[in-house]
Amino acid sequence: MGSPESRFSAQVERCFSRGASAYPRSATLQAAVAMRLARLARPLDTALPSGPRADLGAGSGLLSRALETQLTDAPLLRLDACAALLEQEQPPQRALQRLWDLNQGLPQELEGAALLASSFALQWLEQPALQLSGWCKALRPGGALVLAVPCSGSFQIWHHTAERAGVPCSALPLPDPTTLLETAAAPLALHHYQLLRFSRPNRGARAFLHQIKTIGAQASPAARLQPGQLRQLIRHWPGPEHAIVWHVLVLVGQKR
Ligand SMILES: C[S@@+](CC[C@H](N)C(=O)[O-])C[C@H]1O[C@@H](n2cnc3c(N)ncnc32)[C@H](O)[C@@H]1O
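Using the numbering used here, read the sequence shown as starting at -15 and increasing by one per residue.
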């Protein structure tokens, strides 16, 4: 049976596995954020100590490859719990991958890391702030954290529509950006932090839910909506004048 947490973790892995082949061409926001993070990390290039570098929740490697084009030296170890997503990368990157459940913390080999990067992955973990604190601890002095994570405040359209429709909101609960920022600000000197607001066209509830499912990001600890509830949600969903909005915390810092 397993605990509710391990069942959710398995659900996350199953969903991403199903969406794996579509992920590289469909995850356009994630690709844009990976490029932005890599540009933000570029000034750190000569300032980084030597030591292990990793992309946590690397998926198909969007962020790893973006960082490798901006930074010289060592490539990044790609850690992820979803084998099918890791398999979207070709050799030689396949040699840099490690199947790993980040809910267990980091593997021993990342103690004293020089660079820990992660994009759109922390929100899937059971305790994002606790894991983030562990990532900061694992960095060696001068080591850098490069992070992007969608936060609470995203998808107001979904939350408000569910409320008006009188149905549960089955969105993944997202972490509070202030808590994450405070967690990182204590051990790190922050070079950059920003809560970015990405607005995407609203083509209706069906199209929105379909887009999430296409990339395998539909897992949620909330119960799935019954067909009648889904119809209610679709009926109450507002028109294109209301955009789909993501709030993404972006942060670059170095261990003191
Ligand atoms: C939206 S994808 C982001 C992938 C990549 N970082 C990017 O920006 O394209 C979220 C990733 O987090 C991974 N993930 C979720 N829970 C995880 C866990 N417990 N341990 C390791 N990886 C996990 C998923 O398998 C998936 O690859």
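Note that beta-carbon positions come from the ideal geometry of N, C-alpha and C, so glycine has one too.
Fair warning: this is a prediction, and the values are worked out from it, not measured in the lab.
Asked: Cut-off 6 Å between Cβ atoms - residues of its own chain near Val232, not counting five sequence neighbours on either side; Found: Ala132, Pro134, Leu180
Asked: Distance between Arg62 and Leu129 (C-alpha atoms, nearest Å); Found: 15 Å
Asked: Length of the line joining the Cα atoms of Glu166 and Leu28; Found: 22 Å
Asked: Gln107 versus Leu32, Ser5, Ser204, Gln210, residue with shortest Cα-Cα distance; Found: Ser204
Asked: From Ser154, Pro36, Gly188, residue whose alpha carbon lies closest to that of Ala207; Found: Ser154
Asked: Straight-line Cα distance separating Ile196 from Val229; Found: 13 Å
Asked: Of the listed residues Arg2, Arg124, Ala149, nearest to Ala271 (C-alpha basis); Found: The structure shown does not extend to residue 271, since the chain spans only -15 to 240, so no value can be given for it.
Asked: Contacting residues, own chain, Cβ-Cβ under 6 Å from His220 (five flanking each side not counted); Found: Thr145, Arg148, Ala149
Asked: Same chain, Cβ closer than 7 Å to Ala113, neighbours up to 5 away in sequence not counted; Found: Pro159, Thr163, Leu164, Thr167
Asked: Contiguous beta strand (DSSP E) assignments of at least 3 residues, all confined to the segment 151 to 220; Found: 172 to 184
Asked: Whether Leu86 touches Leu69 by CB criterion (9 Å); Found: no
Asked: Complete beta strand (DSSP E) runs within the segment 48 to 74 (minimum length 3 residues, chain order); Found: 61 to 64
Asked: Gln54: CB within 8 Å of a non-hydrogen atom of ligand 1; Found: no
Asked: Contact test: Ile218 Cβ vs ligand 1 heavy atom, cutoff 8 Å; Found: no
Asked: Cβ-based burial, Ala67 [other Cβ within 10 Å; buried from 16]; Found: exposed
Asked: Rounded straight-line distance, which links the Cα of Gly43 to that of Gln14; Found: 11 Å
Asked: Sequence-distant residues of the same chain with beta carbon closer than 8 Å to Glu95, five excluded per side; Found: Ala122
Asked: Pro36 to Arg(-9) span [Cα, whole Å]; Found: 31 Å
Asked: Trp142, enclosing beta strand (DSSP E) - first and last residue; Found: Segment 140 to 149 is the alpha helix (DSSP H) holding Trp142; no beta strand (DSSP E) there.
Asked: Host alpha helix (DSSP H) of Trp119 (start-end); Found: 112 to 122
Asked: Proximity winner among Ser(-13), Pro222, Trp119, relative to Ala101 (alpha-carbon distances); Found: Trp119
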